[in-house]
Structures are given as structure tokens and as C-alpha cells.
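Residue numbers (this note's numbering): 30 to 314.
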């Protein structure tokens, strides 16, 4: 099976799974469907990140503590947003306490452990634990927040459409880059990415956003074009950041989670940044 076929099949399987989870969870009022899915994806991505660093550097972050901190943050945000009696004071209090516990583990317990550690790089260890939380747990937690930035008629669109845009951007950039790519985008970071692929990804995403605007319950076509551009740009930055991470660790793929895509980080690198970009855009418009 060719690389393109593997990439297309595995990518489509991922997108279909996420689309069904988000749509069914929103339509039937069962956000736990996509909540559990995103939690599992977050755990897998954080685990992969920490063990990638441990395997290829001298850093020894407390990955269990980092992972627990990420889970507490995700669950805290989810409860605050989706608990019965949504947006109630009690839900906010419970969710807030879990988020506070997440920060306490990361900013108090983790550095305290390093103080008593005999390892040669305590600050790097703590910094790596914090990076996994900030780089992965925060964006995945924001996925729970996106549907609540709209009204009851736009719940599934607020989360699902940006996810589809990321996939369209990735596919468009890959196809156009292979077909027309001649000029390197940032060769020292990602030798395989081209200016033509970057432009193709943005154009594909803008076209997809225009199609989505016809099915959307809010916003004009111009607003959706803006969202497409923002998601595309943030997705590219996320992709380049992960490429730089892999180059610094001297690895080709972060793992083997999806055939043709590599590991969790290889698959979700663009999405992590795009979720943050989409949330920021929603709040500004």
C-alpha cells in the first residue's frame, strides 16, 4: 500500500471517528461521548511526548505527575462546562478545584520533587513536565470549551468545523506540495514542507470554510473565511513546532499510532495549535 493511500485511509478513519463522536454527542446532548475520546487522545499524546523526551535526552521529567495534572485539568474544564445544571455555581466550583489541583501538582509538587532529586538536570525535568501540560493538556482541554462559545444551535459546529478544517489543510498542503512544491518553506525546521504546499493548504481550508458557512447557524461567509485562515495558520505553526521538536530529538516520527501519519503528536500537532486559534477567534468575533 502506497504512502498516500495509507495516509488517506488512516486520516479518514480518524476524522470520521471524531466527526461522529462530536456530532452525536452534541445532537443527543451527550458531550461525554467526545469528552472521553478527547481525554484518551490527550493521555496518549502526553504519554508519547514524555517518553519521547526521556528516550532521546538526558531529561527525566516526572511523566506520571505531568499526566495526572493534565487529566485533572481536562476533567475540571469538562465538569465546569458540561456538568448537570450546566454553568451552575457548584459545577464551576468542582471544576475550578480540579483545575487548581492540576496547577498545584505542576507548580508546587513537581518542583519540590526536583529539589530532593539527585538528577543532574532538575530544572529541565520540571520544565519538560510543564511543557507537556501546556503544549498538550491545555489545547485538548480547550476542545471542551469551544462548543460553549456559541449558542444551542451551533454547539457541534463550533468544535467540529475547525477539526475538519485542520484535516483539509493538512491534506491540501500534502497534495499541492507533492504536485507543485519547489520552494522550501523553512528548510532547517521541516525540509519536506514547501511554500506551494503552505499556500495550497490555506486555499483548500478557505474553500472548505466557505462550504461550511452554508451549513452554519451563525456568522457570514467572511467570518468563516477568517476562521479558515486563522485555523490554517495556527495549524501550520503547530506542524512546524512539532517538526522542530523531532529534529531536536533526532527522530523521524513521534510514534506509530496512525499508518502514514506516525504517532499521536504527528497526527495532532496541527490540531493542538488550531484549537487555541479557533477559541481565540471565536472570542474576538
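Think of the CB as a built atom: it goes at the ideal place given N, C-alpha and C, for glycine as much as any other residue.
Three-state secondary structure assigned by DSSP to residue i
i	result
residue 275	helix
residue 59	coil
residue 198	helix
residue 140	helix
residue 85	helix
residue 148	coil
residue 247	coil
residue 280	coil
residue 314	coil
residue 210	coil
residue 54	helix
residue 221	coil
Alpha helix (DSSP H) segment containing residue i, residue limits
i	result
residue 215	Residue 215 -> no alpha helix (DSSP H), and no H or E assigned at all.
residue 242	224-242
residue 126	118-133
residue 166	It is not in any alpha helix (DSSP H) - residue 166 carries neither H nor E in the DSSP assignment.
residue 93	92-111
Among the options, the one whose alpha carbon lies nearest that of residue i
i	options	result
residue 63	152, 77, 92 and 171	171
residue 278	100, 83 and 164	83
residue 94	46, 156, 304 and 38	156
residue 256	187, 281, 41 and 38	187
residue 76	253, 292 and 311	292
residue 133	97, 281, 197 and 313	97
residue 185	43, 199 and 58	58
residue 305	198, 164 and 137	164
residue 73	309, 286, 314 and 313	286
residue 100	81, 68 and 79	68
residue 250	237, 47 and 262	237
residue 192	314, 78, 296 and 275	296
residue 273	203, 221 and 110	221
residue 275	79, 214, 60 and 162	79
residue 92	153, 310, 262 and 309	153
residue 254	260, 130 and 235	235
residue 42	284, 196, 205 and 219	196
residue 232	194, 218 and 252	194
residue 135	168, 147 and 160	160
residue 309	281, 280 and 260	260
residue 271	61, 70, 81 and 39	81
residue 311	71, 218, 190 and 38	190
residue 281	218, 314 and 262	218
residue 103	118, 66, 119 and 138	66
residue 262	252, 248, 246 and 307	307
heavy atom of the ligand NAD below 6 Å from residue i C-beta
i	result
residue 260	You won't find the ligand NAD in this model; it holds no ligand whatsoever.
Using 8 Å as the threshold, is the region 46-65 in touch with the region 85-97, meaning 3 or more CB pairs across them? The region 46-65 vs the region 85-97: no contact.
For the region 221-235 against the region 202-210, are there 3 or more C-beta pairs whose distance is under 8 Å? These segments touch.
Counting Cβ pairs, one atom from each stretch, are 3 or more of them under 8 Å apart for the region 300-310 and the region 253-269? At 8 Å Cβ cutoff, the stretches touch.
Touching or not, the region 164-180 and the region 234-242, by the rule of three or more beta carbon pairs under 8 Å? The region 164-180 makes no contact with the region 234-242, as fewer than three CB pairs between them are under 8 Å.
Would you be able to state if there are at least three C-beta pairs under 8 Å between the region 139-149 and the region 117-126? No, the region 117-126 does not touch the region 139-149.
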